[in-house]
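> So the sequence shown is residues 38 to 154, counted in my numbering. Okay, here's the structure, questions in a sec.
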Amino acid sequence: MLIGSHVSISGKEMLLNSAKEAASYNANVMMVYTGAPQNTRRKPIEELNVEAGKQYMKEHGIEEVVVHAPYIINLANTTKEGYIDFAIDFLKEELKRAEAVGATQVVLHPGSHVGAG
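Put into structure tokens, the structure is as follows:
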């Protein structure tokens with residue numbers, strides 16, 4: 038059975054910080070955003086402290102990490118010119134970040150039709 042929670046990925050330790058928080062709850066799975074869910078600012082993958090985070094996860098029985106895609110990705114928005122291209126490109130980048138942190142699952146809310154439906 039997998040039991041965990043959504044934990045913060047922040048500070049200098051980034052993924053390691055997430056793993057420490059999850060381990061403090063005796064979790065064996067954790068969910069993270071790879072950046073703030075309301076904007077597109079992201080640290081480079083090299084600054085996510087991935088290797089230290091993965092090592093800590095291994096040492097503390099955290100079996101899986103799930104990434105929650107940011108809410109700003111609204112694939113249902115057909116009213117804003119060019120937005121779908123932005124949303125798809127940003128999602129592609131987010132999937133690369135998810136893969137980098139070892140996630141095998143990504144939670145994505147497809148969005149709102151913003152009045153077009």
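Backbone N, C-alpha and C fix where the C-beta goes; we use that ideal spot for every residue, glycine too.
Would you say the stretch 55-69 touches the stretch 107-121, given that touching needs at least three Cβ pairs under 8 Å?
Taking 8 Å as the limit for Cβ pairs, the verdict is that the stretch 107-121 does not touch the stretch 55-69.
> How many Å lie between G72 and R79 at the Cα?
Straight-line Cα distance between these residues: approximately 5 Å.
> Could you pull the DSSP bridge partners for M51 from this structure?
M51 pairs with S47.
> Alpha carbons only, please: which of T115, G148, G154, G90 is nearest the one belonging to L52?
Taking only the C-alpha atoms, the option nearest L52 is G90.
> So, V102 versus G139, is the Cβ gap smaller than 8 Å?
For V102 and G139, yes; Cβs fall inside 8 Å.
> Are A113 and S149 touching if we call contact CB-CB under 8 Å?
In this structure, S149 lies closer than 8 Å to A113 by Cβ.
> Please return the same chain residues whose Cβ sits closer than 8 Å to the Cβ of S45, not counting the five positions on each side in sequence.
Closer than 8 Å at the Cβ level, and outside the excluded window around S45, lie N54, S55, E58, V69.
> I'd like to check one pair, N65 with L39: are the Cβ atoms closer than 8 Å?
Yes, the Cβ-Cβ distance between L39 and N65 is below 8 Å.
> From the DSSP output, in three-state form, read off G41 for me.
The answer is strand: DSSP assigns G41 an E or B state.
> Over the uninterrupted beta strand (DSSP E) stretch that includes V143, give me the two end residues.
Note, V143: beta strand (DSSP E), 142-144.
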